[in-house]
Structure formats: structure tokens, C-alpha cells
Amino acid sequence: DAGVIQSPRHEVTEMGQEVTLRCKPISGHDYLFWYRQTMMRGLELLIYFNNNVPIDDSGMPEDRFSAKMPNASFSTLKIQPSEPRDSAVYFCASTRTGFMNTEAFFGQGTRLTVV
Amino acid sequence: RKEVEQDPGPFNVPEGATVAFNCTYSNSASQSFFWYRQDCRKEPKLLMSVYSSGNEDGRFTAQLNRASQYISLLIRDSKLSDSATYLCAVPGGGADGLTFGKGTHLIIQP
């Protein structure tokens, strides 16, 4: 299996623009998580899905952030409009049964810079 | 107390030495704990899981102290390749999510 695939790997955009991050989880994994990592705050859970259904989005910082999972093999995280403070590395992770009992696999991340 | 706390380091350790660092957690009901390793500009990868008092895998030992609510990671005979950031993770942030510490940066020096 190719692992969790994220795109793009790097994104530089201007403040106010819409940004869409994409993730393909490992086939057969029922859970998908979106995390954001910064030096100041570390890894923060933004939202996660179980069987394509959003379960907990309490970590989404503002209404500017939205996430969807239209099918088992694809998810998007959208920021509209983007702001410089959104600059971070965004990771997608998937796991078969949730983090509690099994290994989670992370994608390589999308490094977002908003100027 | 923050949910998961770690000493950010860096820990500068000579090759071959033993190094240990701790992670404290606030959720006393947690039953499982994890150490992830993250190399520079890479994604986190699972290093060890801890479900009871501890776990050992080669040069790596993870121990759990429930009374004091911390887990530790011990690395024996450290190698240059052990240089990385070690993230502690505890269930939280949702029923199935994990809350991560900010990580401890380890540098093994030749």
C-alpha cells in the first residue's frame, strides 16, 4: 500500500485566497484525522471522520475552516479565506479502528505558507 | 495542568549513552499511551505503545507511572540515527483521537 497520500506537499498562497488540502487514506481504514502542527502549539487535532462521517470538529479553529469526506478514499480540508496565522504543516492520518488500539499512519503533510 | 506536557529539550547526548525523558498527562482515565518519533520535516511515526505498566522493544523501553501520571521513554546505547523529536500521545480530543505533546528534541552526538 502506498500509505496516506497528501497533496500538495507545499502550498504558498496570498492572504485571502482559498486553500484546499487533499488526503487519500489507506484503503480499509475507517478513521481519518486532520492535524495541524506549528512550533508554538505542536500537533493539534482539527477534525476526524469515521466511515466518512465527521465525528468531532471541535478542534477546527474558525468557520474559515471546513472539511469533507465524500467517500472512503478522499478527504479535503479547505480554508477560506486564508490568513498568515494559518501557516503550518497540515497532516492527515488514518487508522483502522481509531487511535486507541492500533497504529495510526500519517501522510507526509502539506506545508502551508500564507503571505 | 496541560493535557500532555513534555520537556522540549534539546537533549544533547553522546553516542552510546542512555537517555530518558518523561511525559506527563492530565487525564487520569487514560488507558493507552503512545510514543511517536518525528524526523525533521517528516511525519510522525509510531515508535511504541504502552497499555499496562510498560513495554520494551530492543533498545527502547517505555514505562507508565499511573500514580504520578507520567510515561517515560528510555533509549539505551543511543545511535546517531536516534536523533529526532519524540512525541508523547494520550487519548483525548474526541472519543477516538489522540492528544500529542509538543515533543522532546533529541540530538545524539558522535
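Just so you know, the protein sequences line up as chains A and B, in that order.
For the numbering used here, add 4 to where a residue sits in the first sequence, where the first one is 1.
For the numbering used here, add 1 to where a residue sits in the second sequence, where the first one is 1.
Quick reminder that beta carbons are idealized off the backbone N, C-alpha and C, glycines included.
Bear in mind the structure is a predicted one, so any value in this text is a computation, not a measurement.
| request: Grab the span of the beta strand (DSSP E) containing B/Asp58 for me, first residue to last. | output: In the DSSP assignment, B/Asp58 falls within the beta strand (DSSP E) that extends over 55-58.
| A/Pro88, DSSP secondary structure in three states | Three-state result, A/Pro88: helix.
| field | Coil, strand or helix - A/Asp60 by DSSP | value | strand
| message | Would A/Val57 and A/Pro29 be called neighbours here (beta carbons separated by less than 8 Å)? | response | no
| Can you tell which of B/Thr100, B/Pro45, B/Gly59, B/Tyr37 has its C-alpha closest to the C-alpha of B/Asn28? | B/Thr100
| task | Output the distance between the C-alpha atoms of B/Gly104 and A/Gln84, rounded to the nearest integer angstrom. | result | Distance between B/Gly104 and A/Gln84, taken at the CA atoms: about 30 Å.
| task | Please report the residue range of the beta strand (DSSP E) in which B/Lys46 lies. | result | First-last of the beta strand (DSSP E) with B/Lys46: 45-51.
| query | A/Ala6: buried (16+ other C-beta within 10 angstroms of its C-beta) or exposed? | reply | exposed
| query | Counting only beta-carbon atoms, is B/Phe101 nearer than 8 Å to chain A? | reply | By the rule that beta-carbons nearer than 8 Å mark a contact, B/Phe101 touches chain A.
| query | Who pairs with B/Cys41 in a beta bridge, going by DSSP? | reply | Bridge partners of B/Cys41: none, in fact.
| request: Kindly say whether B/Leu48, judged by its beta-carbon, lies nearer than 8 Å to any beta-carbon of chain A. | output: no
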